[in-house]
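For the numbering used here, add 53 to where a residue sits in the sequence shown, where the first one is 1. Contents: one structure, followed by commentary.
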Amino acid sequence: MPPRHPTIASALGQVRRSLRAAGPPRRILVACSGGADSTALLGLLRLLARDAELELVVAHVDHGLRRESADEAAGVARMAAQMGLVGVATRLSLTPGPGLPARAREARRAALQAFADGHACDAIALGHTATDQAETLLMHAARGCGLEGLAAMRPWEAPWLRPLLGLSRGLTRELCDRMALPFVDDPTNSDEEQPRVRVRERVLPLLRAGNPRVEQALVCLATHAADAEEALSAWAEREEAARRRGPATCWSTDDLHVLPRAVRTRVVRRICGLGGADLGALRAAVIEDIDRAVMARAAALGGTDAVLRPHVWDLRPGLRVRLDRLGLTLARAAPGAEIPAPHDH
54 MPPRHPTIAS ALGQVRRSLR AAGPPRRILV ACSGGADSTA LLGLLRLLAR DAELELVVAH
114 VDHGLRRESA DEAAGVARMA AQMGLVGVAT RLSLTPGPGL PARAREARRA ALQAFADGHA
174 CDAIALGHTA TDQAETLLMH AARGCGLEGL AAMRPWEAPW LRPLLGLSRG LTRELCDRMA
234 LPFVDDPTNS DEEQPRVRVR ERVLPLLRAG NPRVEQALVC LATHAADAEE ALSAWAEREE
294 AARRRGPATC WSTDDLHVLP RAVRTRVVRR ICGLGGADLG ALRAAVIEDI DRAVMARAAA
354 LGGTDAVLRP HVWDLRPGLR VRLDRLGLTL ARAAPGAEIP APHDH
């Protein structure tokens, strides 16, 4: 190993902090593709292993989509052996076609989870960098997202650990060179047919021209968004629990209107989720419509029947939510069936 360099020392500090935030874990599965990011991660964790009492297992997932992939898998196996680490690998059976990046990601994560379970690892380390975080945030923002989308990837989402989110992609290449670790370049990372690559190759350079530290700025934004989302979600969880009447079928809306909108809408989403609604598919417009009705009802108490009459929303076939003087009530019904009004107490 070459003499320690300030760049390596600084990166080690970031990795140490991420380990502390995660527990710290003691047995880590390190996902290594052979590229610069994951190779730098493996090298840094290897440097920390003795002092931090870490046990490392190196995992490689070959997607089987390129002729070079078998050689890359062999290279990762050699590197693990040279480091004296256990190495595991698998080859997936993916076919080109629509949705390939998403299919590959899900298959890769499943394979890594299986390796972690089989080797009793309490964390799976991924080589996502600040550049990846910036790309993810920009893609989410372009599609239209809330705070959760702006939070992008979390440094620790058990069992997924991302120690390099504070380091740019360019820095991981420098780290590999300074640690004398070989790495490969995956040509698919330059394929501008992929939305992520277009953001990397076209959008980030324009932003970087105005702010050379744009990746770090966007990582900071993602961190603030994650902190705010965590705080608001915890507040909404307490409000939902306090308003629950008996079994989770009816919730009081008394004074719900005085809460900040960000908390109110999260309370409504939690209620819908507890009823079995698919929150990923539930349109924001439905939540906003329920919130508007709650606000209108609070403003018009003692007013017109048109505002105070019960309102009903279909969350999915067989599940509806009703707003009336009792509050918000979940009810199951056959598609097309009417929901009987609940009895007043």
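The C-beta atom is built at its ideal place from N, Cα and C for all residues, glycine as well. These numbers come from a predicted model, not from an experiment.
Rounded to whole angstroms, Arg378 and Arg362 show a C-alpha spacing of 9 Å. Per DSSP, the beta bridge partners of Ile81 are Leu109 and Ala176. With at least 16 other beta carbons inside 10 angstroms of its own, Pro78 counts as buried.
Of the candidates Val321, Arg297, Met232 and Leu217, the residue whose Cα lies closest to the Cα of Arg336 is Val321. Secondary structure note for Leu285: its alpha helix (DSSP H) is the uninterrupted segment Val267 to Arg296.
In this structure, the straight-line span from the alpha carbon of Trp366 to that of Arg226 is close to 53 Å.
In this chain, His116 is not harboured by any beta strand (DSSP E), its DSSP state being neither H nor E.
Distance from the CA of Val339 to the CA of His193, rounded to the nearest whole angstrom, comes to 21 Å.
Arg231 is positioned such that its CB atom lies no closer than 8 Å to that of Thr92.
Short of 7 Å from the beta carbon of Leu65, and not among the five residues preceding or following it, lie these beta carbons of its own chain, in chain order: Leu97, Leu100 and Leu101.
Here Val316 is not bridged, per DSSP, to any residue. Sequence-distant partners of Ala130 (beyond 5 residues in either direction) whose C-beta falls short of 6 Å from its own C-beta, in its chain, are Gly140.
Fewer than three Cβ pairs drawn from the segment 300 to 314 and the segment 210 to 230 lie within less than 8 Å of each other, which leaves the two stretches out of contact.
Secondary structure note for His364: its beta strand (DSSP E) is the uninterrupted segment His364 to Arg369. Distance from the Cα of Glu268 is smallest, within the candidate group Leu218, Trp304 and His310, for Leu218. By the neighbour-count criterion, in which 16 or more other beta carbons inside 10 Å mark a residue as buried, Ala278 falls on the buried side.
Apart from the 5 residues on each side of it in sequence, Pro208 sits with its Cβ closer than 6 Å to the Cβ of Ser71, Arg215 and Leu218 in its chain, given in chain order. In this structure, the straight-line span from the alpha carbon of Pro149 to that of Ser86 is close to 19 Å. When secondary structure is reduced to three states using DSSP, Glu210 falls in the strand class. Scanning the segment 127 to 203 for uninterrupted alpha helix (DSSP H) segments of 4 residues or longer gives 153 to 171, 183 to 196 and 200 to 203, listed from N- to C-terminal end. Taking a C-beta distance under 8 Å as the contact criterion, Leu285 and Arg319 qualify as a contact pair.
Of the candidates Phe236, Cys229 and Leu203, the residue whose Cα lies closest to the Cα of Asp124 is Phe236.
In the DSSP assignment, Arg222 falls within the alpha helix (DSSP H) that extends over Arg222 to Arg231.
Burial state of Cys273 is exposed, judged by a 10 Å Cβ sphere holding fewer than 16 other Cβ atoms.
Counting along the chain, the unbroken alpha helix (DSSP H) around Ala62 starts and ends at Pro59 to Ala74. A Cβ-Cβ separation of about 5 Å places Ala164 in contact with Val114 under the 8 Å criterion. Spanning the alpha carbons of Leu107 and Ala275 requires a straight line of approximately 29 Å. Leu354 sits in coil when the DSSP states are folded into three classes, being neither helix nor strand. For the options Cys229, Arg73 and Trp288, the alpha carbon positioned closest to that of Arg57 is the one of Cys229. Bridge partners of Asp377 according to DSSP: Gly380. In the three-state scheme derived from DSSP, where H, G and I count as helix and E and B as strand, Leu217 is classed as coil.
Leu220 and Val68 have their alpha carbons spaced roughly 10 Å apart. Rounded to whole angstroms, the separation of the alpha carbons of Arg369 and Gly333 is 12 Å.
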